[in-house]
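Protein chains in written order, with this note's numbering: chain A, 115 to 229; chain B, 1012 to 1127.
Cβ coordinates follow ideal geometry from the N, Cα and C atoms, glycine included.
Since this is a predicted model, take the numbers as computed values, not measurements.
Comments concern the structure below.
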Amino acid sequence: AQSVTQLGSHVSVSEGALVLLRCNYSSSVPPYLFWYVQYPNQGLQLLLKYTTGATLVKGINGFEAEFKKSETSFHLTKPSAHMSDAAEYFCAVRPFYNQGGKLIFGQGTELSVKP
Amino acid sequence: ETGVTQTPRHLVMGMTNKKSLKCEQHLGHNAMYWYKQSAKKPLELMFVYSLEERVENNSVPSRFSPECPNSSHLFLHLHTLQPEDSALYLCASSQEIGPSGTDTQYFGPGTRLTVL
């Protein structure tokens, strides 16, 4: 069965510092990959996604992620953290051959940003 | 209203009550989803509907009963729930559920359910 692992349930950075949130997936065939963000008391908002083509994907709010097939990873980065980036971040995969639209989510990483 | 809306935002119910959660999408999408988000656990897919037909039931107990009367509305009927069913229930929609990878899911704000 496919799975998604997010390393670190909580990450804390200082404002202006690099943000790195890690995501690894298990799949013999590269799936479609997503990062979602969830602010308190809100639903999930899509940050970015990888389907095919360029492996470096740019998303909203200055975030980007790079798909590395050899490492089965899809880490999320942002060069300079802002206080408004504090939220929970979820990595998700959709198996390439899945017909039912099923997304498999990681357990989430809570990002804190210190002033 | 835009995007995906859910009502109510908060619900407290006893184990013998019957209640319903409502989701409405204003995006013209053909697929809708129910997810359960429990503390410290990954989101769990519960049901998927495509063009008002259920295409996936992810081994959900029968005390949860979905209904999709049209492509814009999705309900989750609840009865005889257990305290462990307390969670945030999220609705999502997407244009399609095909394998193209373009079926990005858009989420509503969720209903926070507490079962006493």
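Handout entry: Contact check, B/His1088 vs B/Ser1031, beta carbons under 7 Å
Key = In this structure, B/Ser1031 lies closer than 7 Å to B/His1088 by Cβ.
Problem - Residue closest to A/Ser226, alpha-carbon to alpha-carbon, out of A/Pro209, A/Ala200 and A/Arg208 - result: Closest by alpha carbon: A/Ala200.
Problem - Among A/Ser140, A/Trp149 and A/Glu224, nearest to A/Glu178 - alpha-carbon criterion - result: Checked all of A/Ser140, A/Trp149 and A/Glu224; the closest Cα to A/Glu178 is A/Trp149.
Problem - Residue closest to B/Val1066, alpha-carbon to alpha-carbon, out of B/Gly1039, B/Gly1121, B/Asp1096 and B/Ile1108 - result: When only C-alpha atoms are compared, the closest one is B/Ile1108.
Handout entry: Beta carbon of B/Thr1125 nearer than 7 Å to that of B/Val1023
Key = Going by beta carbons, B/Thr1125 and B/Val1023 fall inside the 7 Å limit.
Problem - When A/Pro229, A/Glu202 and A/Val207 are compared against A/His124, the one with the closest alpha-carbon - result: Ranking A/Pro229, A/Glu202 and A/Val207 by Cα distance to A/His124 puts A/Glu202 first.
Problem - DSSP beta-bridge partners of A/Arg237 - result: Missing from the structure shown is residue 237 of chain A; chain A here goes from 115 to 229 and no further.
Exercise for the section: Can you tell me which of the three DSSP states B/Glu1070 falls into? Expected result: The sequence given here has Ser at residue 1070 of chain B, not Glu. Three-state result, B/Ser1070: coil.
Problem - Buried versus exposed call for A/Val143 [16 or more other C-beta atoms within 10 Å across all chains shown] - result: So A/Val143 ends up on the exposed side.
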